[in-house]
Each structure stands twice: as structure tokens, then as C-alpha cells.
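Offset between the sequence shown (1-based) and this note's numbering: plus 152. I have placed the structure first, in the form of C-alpha cells, so that the comments after it can refer back to it.
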Amino acid sequence: GLVKAKKPGNAKITIKSGSKKVVVKVVVKKIKKKVTKVTATKNITVNVGAKQKIKTSVKPKKATLKALAFTSNAKKIAKVNAKGVITGIKAGNAKITVKAVDGSKKKATVAVLVTGAANCRIRCDSCTCCSSCHRCSYRI
């Protein structure tokens, strides 16, 4: 389930499933300095099947919680993991939103262009676009 903090302090959460039990300790800290600005790479081009990390920063440098969340508006074109690594799925355009998780609502947007494999010689039937032959062995 989802746990939402109400105020700073310590808590123990017990999770039971059948005969198994796990206790998780949670520490909730007060956010003294919220993020005032999130910056990220504005434009990224990545090939189908390739990966690229988004370069990010937050201000102020002494923000209490600098963690960021990453989401893609087109997961069938480009997906992004919790560390900000984009994977090209198929040719097209996507937007990745980089958002501060401290409640400040500060965010940045990354425009992603996914292109097919650059050195593909011919199109195979399993490709999703004319240049994404990374699935076959036809290479120059």
C-alpha cells in the first residue's frame, strides 16, 4: 500500500503476508529548504535500443531533498527509469518530465527524439520503422 507522511518523526511499518512478516523503519524529516529550480538537458536524441542519461541539477544546492522523479509521456517511444536513463523504444518524439519530489512542484521538460539505428542497410519485416533494424543482422 501507499504510505503518506503526516509529520516529522519515526515510525515502524509492519507488513504481513501469510506466515511472513517484515518490519520497515521510516524516518520522516521536515523539509527546511525546498527546491526552487530544476534544470535538465533540454533536447536529447537517442537511437532505438540505445540508452542515455538525462543531466539534471537542482537549486539551491543545500535543498533538504534533492531527489527527482522522471516520467515519459510516450512510453512506447521512450521510457525512462528512476535514475533518469532514457531508453529508445521506437522512432518518434516523447517528452520526459523531471519533477522535484519535495512538494515544491518544480519541474523541467526534456524533448526526446528517438531515431532508428543509423547504420542499418535494409528494412526487415519485424522493424517498427524504416531505419530501426537493430532487431536483425543486416548492417553495413
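Beta carbons: idealized from backbone N, C-alpha and C, even for Gly.
Euclidean distance between Cα positions of residue i and residue j
i      : j      : result
Leu220 : Val253 : 6 Å
Asn271 : Val200 : Confidence at Asn271 is low in this model, with a pLDDT of 47, below 50, so its placement is unreliable and the value that follows should be read with caution. Going by the C-alpha atoms only, they are around 12 Å apart.
Val190 : Lys235 : 15 Å
Lys194 : Asn225 : 15 Å
Lys156 : Lys182 : 14 Å
Val237 : Val262 : 12 Å
Lys158 : Lys168 : 23 Å
Lys207 : Thr166 : 37 Å
DSSP-derived helix/strand/coil call for residue i
i      : result
Ser256 : coil
Lys251 : strand
Lys242 : coil
Thr216 : coil
Lys156 : coil
Inter-residue CB distance, residue i and residue j (contact presumed, cutoff 8 Å)
i      : j      : result
Ile229 : Ala202 : At roughly 13 Å, the Cβ-Cβ gap does not stay under 8 Å, so Ile229 and Ala202 are not in contact.
Pro160 : Val180 : 5 Å
Reference residue i; option with closest CA among the options
i      : options                           : result
Ile248 : Lys156, Val210 and Thr197         : Thr197
Lys295 : Thr261, Thr267, Lys258 and Ser256 : What is shown of the chain runs 153 to 292, which leaves residue 295 out entirely.
Thr188 : Lys218, Val262 and Gly240         : Lys218
Lys251 : Lys164, Ser209, Ile167 and Val176 : Ser209
Lys259 : Gly244, Gly170 and Thr223         : Thr223
Asn162 : Ser171, Gly153, Gly170 and Val175 : Val175
N- and C-terminal bounds of the beta strand (DSSP E) containing residue i
i      : result
Lys231 : Ala230 to Val232
Val200 : Unbroken run through Val200: none, as it is neither H nor E.
Lys168 : Gly161 to Ser169
Leu220 : Leu220 to Ser224
Lys172 : Lys172 to Val180
Ala192 : Lys189 to Ala192
Lys211 : Thr208 to Lys211
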